[in-house]
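Protein chains in written order, with UniProt numbering: chain S, 1 to 677; chain F, 1 to 677. Just so you know, even glycine gets a beta-carbon here, dropped at the ideal spot from N, CA and C. Note that this is a predicted model, so its numbers are computed, not measured. Quick notes on the structure that follows.
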């Protein structure tokens, strides 16, 4: 049997039962003058491998399952009988190989089952991958699962261009195999899944937050919850369902959300009398009750917050953390007697959001106000903190704190008698709403992480330190080994007593090198190596995840040194990210410099007239026109035009007579523009 | 104008604009031989007042809006012109008065607008209520809002019988007006809304958790989250949506939930290709990913938990906290290599649940195992802690911890290679799932609260202590007043430093007596009164909410004394509740004693054969047959039969040859039976 002979050298006999693997041959549409190049797809049996995806990833047209003529020519077998065993380095070099990402991501000891016509074999994923590597060093990896999500204008995760270049040469199959700078979306997806932050889910646009990312959310909750409670905000929980009558009460508001509202129309086997919406946000859910509870000016301020999930059924390309159909957030809703009080809170909350980005996530942001075009529908004004993704040069909205004015209070009759006297007109409450979502995690990942995997700031990382014993060989005495492990345990214990979050890896079936890579993939900020030579000197070695600097630390002072290292790392991560943002936020006064500066991955501060039509014009005029047929590496940039990100609170000085960057009107302030998420 | 003359003495002129009030006259169906008794409904103009509800609450048949003949006879006006001003104590004594609960619950300074034919007036809620009290001391209060919820076999919150008796004689309108022992459902609803724990919502079966109840949930989260994290459980978040394909994978399981699943079929204006379910629980949401993530026995145990909300669209009578269509809970899902490990965890988690009930909520529970009939659909066995509501004599399921066995792991292929050798068969994981919901808050309220309002155990109460200045009169000097307020502030500050949760009430427009009632309504465990006479003796007075005992406390030692008092109160609340449960959990060996004991509000420990049909037979045979036409005060009890609550872990000794309490088979253990929620 061909399979056995091909694989024999690799000692593949393992236990019965495993995940079946299929190998399929596709033939692309080929000009008659040319020889066809077969495409071999190696995938888990349950993975669907639509030909459109194969076409994209292999850069071919209209691939079809090959017939016997082709398989006979290349592999001397029929299409039905073809299997992995028919491949060898010689014939493989004449083909394109496409590998299911499930197999690439499989841990070494996952068991696969290969079927030949007459028998079957089970082998470990490692064996399978070693075999494939022996066939070719240019295997294309396809994430059929992510790609299978229904969306308009479907694009492959791995772009058409530069795919083989984007693939990291020194990457092992277990690590990140895509270069951040060459294929940003593919890289983002890989580090999130391989770093075990999240997983794809079988309902499109929904994702699983695994413990590594949920722990970050818990840190953020802890930080923010404490701060808002000190402001007198109380947590509560309102239902996720809204009747259409209530949802549609505020017209501008619902217009902004209507296209994305998910509707429940059936329960069990009964049709509901009226469809019920799932909240996209809770203004209209809560405010009828604010009207009921607020009876006197002494009931003000009313300050409630909830930690919940909301649903916005977007039809655009979903992206983990950044654009998801269900997401976790907090939404605060407050009502005040005066504008001054409301306004003060809006800015206070915005500062807390800045704190989450800068103090916790080490992501610098710019504070400002949204333009009328971009503000919250139905509100008075919106403040925002805006981040920057250096790799793509795009801006990203961080979190928003809205002053709703009296618009909702008039709509819902949230009013009190006038404290100045019963003869004075009643007063409508001044309201705010403010929200921050799990999007922050996506921003953090995009800013800091690298080609080795995640890089997570110490203050939010699920684990801050990992302890790994090293240098244990066959020559190590039992006594030495015991001493190493005892030291590891002691370090773990002491650090935990100091409230650090510590993990360790004492497994004996993995090498220290493998463990290092694994910890780097997951972004654990500090790795402590405990080995025999160090112990003789009463030291251990600490390696930072962000810049890989090594520090030798005395066991007498390690608690303080490790705490200090973590704080230094936190500060330096922010400083580095800030330097990048600062050097890519540039002042552009003339329109002819605008698009070239955008194309150099900058966000721009430009004098602006404040006119909404001019804002639209800037967006249109800065969009790259599709004058050639080239597809872009990303669905949005750089063909996308520049949006106004915010009018920064911190303003460059406006020169006398300064005109708008785009039109002839006088500028009234600088506005920050950029391509954005 | 009649209205002015009737109300003139009460000085009612207030600001313009208020909530309009309507007064309607209804005429019930009356035998020709009898005089009709008009029903006057006083309600907010927007409150719908269906005649079916009026019929129930006023104990009359078929009330219709009265015509001129009746209104002329009683009020000397036409039906259209009738208004509140036409009422006086004389004619009111010949009518039944029904008051909208929204008015009864309104704070004193809420502004109402009364319209006569020719003019309108605005008066405060207090004035309105004083006026109504002057007309009659037997006003029926109707919660039209709660009653308007669509459900089969709708029953009024206030029962048909004993309604006037249930009304508390000494209750002011601001306080609880229904007696716990005489109208338990009406009382429950009133203390929850008046105590500001929750509010009704305009989607039936959904309720708002206000800060007072959400804070209790936060205490529970804190307690449980810390404990499970020590077990190695990690928090995560899975999507709320499930595809029907995945939901329906485990047949027994889905059969249990299918009739209650809410389906999203539309997003914006697009029909979805396939309806998507909202999770009723997350077994089938999570387990496909467990299968993916668990590749080796080294990936076990996998222990995840999430704090989320789930939706079960029940069509039965909804009840705040106890049966709601959306509820908050935690659901833990773990996978283990061995049954022993899974089994150990099931019991460990059950003990934590018992801890939440007994240590935090001061509610005693009985641990045990569910019968086959009552266990979790698709699981191996279910453990439970069962509570008891003394007022109704009914049992209530507290929280359940399930061992799922290998049923789901086989269905979802959650398996690992055998660690004993690759030649041994692969192993399916042993799984558990366990959940505790906000139902716990409802149980706590039912067990402890009284006719003055909520009684909340100190360990979970949003505020543990309220500081109230007393004895400030017109004779009090400015200096004395300052000293009292300074002492209040000092006490607040010191207690906060000791991590107690403290609030205060320094308002000058309410009397101390009003503040006491208000704090009692909300269930704040300890009230500290600071007055001039006490201060001369360097003391303050502490009053416990649960038994109203007063303690004089030295200002030199108040921090410790108050902490001690709170702990004593916590312990005594549990002890009292335990004494009640213990004295109403009785051993019944003979069937003839079974139903009478149930009717005496007991839960029963009876020897039982373990047969599922016998269990059904016990339920049927203990249900009260509808031999008279009397309607029950509660939709379920006592016509309801006795369910098996659990097979308690702590068993009475089974006598040799003991037969089943119901059938002729030998008993295999004692089972706890009871009417239940």
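- Ranked by Cα distance from residue 568 of chain F, the options F:481, F:593, F:457 and F:420 are led by F:457.
- If you look at residue 38 of chain F, you'll find it isn't in any beta strand (DSSP E); DSSP assigns it neither H nor E.
- Less than 8 Å divides the Cβ of residue 460 of chain S from the Cβ of residue 216 of chain S.
- In this structure, the alpha-carbon of residue 184 of chain S lies about 25 Å from that of residue 42 of chain S.
- Rounded to the nearest whole angstrom, the CA to CA distance from residue 546 of chain S to residue 136 of chain S is 33 Å.
- Residue-level contact check: residue 46 of chain S does not touch chain F, since none of the beta carbons of chain F fall below 8 Å from its beta carbon.
- Interface criterion not met: the Cβ of residue 249 of chain S is under 8 Å from no Cβ in chain F.
- For secondary structure counted as the alpha helix (DSSP H) over 4 or more consecutive residues, the segment 424-470 of chain F holds these complete runs in sequence order: 439-448.
- For residue 272 of chain F, the enclosing beta strand (DSSP E) covers residues 270-278.
- Rounded to the nearest angstrom, the gap between the Cα atoms of residue 256 of chain F and residue 377 of chain F is 6 Å.
- Check the Cα spacing between residue 68 of chain S and each of S:478, S:211, S:79 and S:288: the tightest is with S:79.
- In this structure, S:324 is the residue among S:324, S:177, S:220 and S:268 with its C-alpha nearest to the C-alpha of residue 208 of chain S.
- Rounded to whole angstroms, residue 677 of chain S and residue 510 of chain S show a C-alpha spacing of 40 Å.
- Residue 138 of chain S counts as exposed, since fewer than 16 other C-beta atoms from the protein chains shown sit within 10 angstroms of its C-beta.
- Residue 562 of chain F sits in a helix when the DSSP states are folded into three classes.
- Here residue 335 of chain S is near residue 301 of chain S, since their CB atoms are less than 8 Å apart.
- Residues are counted here when their Cβ sits less than 9 Å from a Cβ of chain S; for the segment 260-271 of chain F these are 260, 261, 262, 263, 264, 265, 266, 267, 268, 269 and 270, given in chain order.
- Looking at the backbone, the Cα of residue 620 of chain F and that of residue 599 of chain F are separated by about 15 Å.
- Contact between residue 414 of chain S and residue 290 of chain S is confirmed by a C-beta separation of about 5 Å, below the 8 Å threshold.
- Chain order gives the chain S residues near residue 304 of chain F as 211, where near means a beta carbon separation below 8 Å.
- Chain F has a Cβ within less than 8 Å of the Cβ of residue 238 of chain S.
- Cβ proximity to chain S below 7 Å picks out 326 and 328 from the segment 323-355 of chain F.
- Within a 10 Å sphere around the beta-carbon of residue 347 of chain S sit fewer than 16 other beta-carbons, which makes this residue exposed.
- In the DSSP annotation of this structure, residue 286 of chain S is not part of any beta strand (DSSP E); the continuous alpha helix (DSSP H) holding it starts and ends at 283-293.
- Taking 8 Å as the threshold, the shortest C-beta distance from residue 82 of chain F to chain S does not fall below it.
- The Cβ neighbour count for residue 533 of chain F, taken over all protein chains shown within 10 Å, is under 16; the residue is labelled exposed.
- No Cβ of chain F is located within less than 8 Å of the beta carbon of residue 489 of chain S.
- Residue pairing by DSSP places residue 199 of chain S opposite S:208 in a beta bridge.
- Residue 230 of chain F has a beta carbon lying at 8 Å or more from every beta carbon in chain S.
- Contacts with chain S at 8 Å (Cβ-Cβ) do not include residue 522 of chain F.
- For residue 643 of chain F, the closest alpha carbon among the candidates F:595, F:656, F:666 and F:654 is that of F:595.
- Residue 324 of chain S carries a coil assignment under DSSP once its states are collapsed to helix, strand and coil.
- In this structure, the straight-line span from the alpha carbon of residue 304 of chain S to that of residue 432 of chain S is close to 11 Å.
- Interface with chain F (8 Å Cβ-Cβ cutoff): residue 218 of chain S is included.
- Of all residues in the segment 109-128 of chain S, only 109, 110 and 111 place a beta-carbon less than 7 Å from a beta-carbon of chain F.
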